[in-house]
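S.K.: Before anything else, here's the structure in question.
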Amino acid sequence: MSDDGDGGRKNLRMPEDDEVFATVTDMLGANRVKVRCADGQERTARIPGKMQKRIWIREDDVVLVEPWDWQDEKADITWRYEKSEADQLREEGHIQ
Numbered sequence: 001m002s003d004d005g006d007g008g009r010k011n012l013r014m015p016e017d018d019e020v021f022a023t024v025t026d027m028l029g030a031n032r033v034k035v036r037c038a039d040g041q042e043r044t045a046r047i048p049g050k051m052q053k054r055i056w057i058r059e060d061d062v063v064l065v066e067p068w069d070w071q072d073e074k075a076d077i078t079w080r081y082e083k084s085e086a087d088q089l090r091e092e093g094h095i096q
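Here the sequence shown stands for residues 1 to 96, numbered as in full-length UniProt numbering.
Have a look at this one:
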């Protein structure tokens, strides 16, 4: 019935246009986190209002971020992956 839990592959949300994979390295407070992006940059990312209190983000979570056009050292978080989804991304070689 369900493909969860039996090790089957799930179709995961992949980065669109300007998005990149990132790992949360530090919680800064005030809905901000420090992330290390797949392109090698450290950025300060903000958790948008639609995610606050609905999706909890912790250190070492894998997220998708969209860097700002006008300030490259900042970004918005657009998606958070569950632990099993992050493991699948690592196995498939999308992230380290």
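Here a beta-carbon is modelled for each residue, glycine too, at the ideal position from N, C-alpha and C.
Quick check: the Cα distance between residue 31 and residue 86, rounded to an integer number of angstroms?
M.R.: Cα to Cα, residue 31 sits roughly 22 Å from residue 86.
S.K.: For the beta strand (DSSP E) containing residue 43, name the first residue and the last one.
M.R.: Where residue 43 is concerned, the enclosing beta strand (DSSP E) stretches over 42-46.
S.K.: Just mark residue 13 as buried or exposed, buried being the case when its beta carbon has 16 or more other beta carbons within 10 Å.
M.R.: Answer is exposed; the Cβ neighbour count stays below 16.
S.K.: Per the DSSP calculation, residue 29 is bridged to which residue(s)?
M.R.: Bridge partners of residue 29: 32.
S.K.: DSSP three-state label for residue 23, please.
M.R.: Of the three classes helix, strand and coil, the one that applies to residue 23 here is strand, per DSSP.
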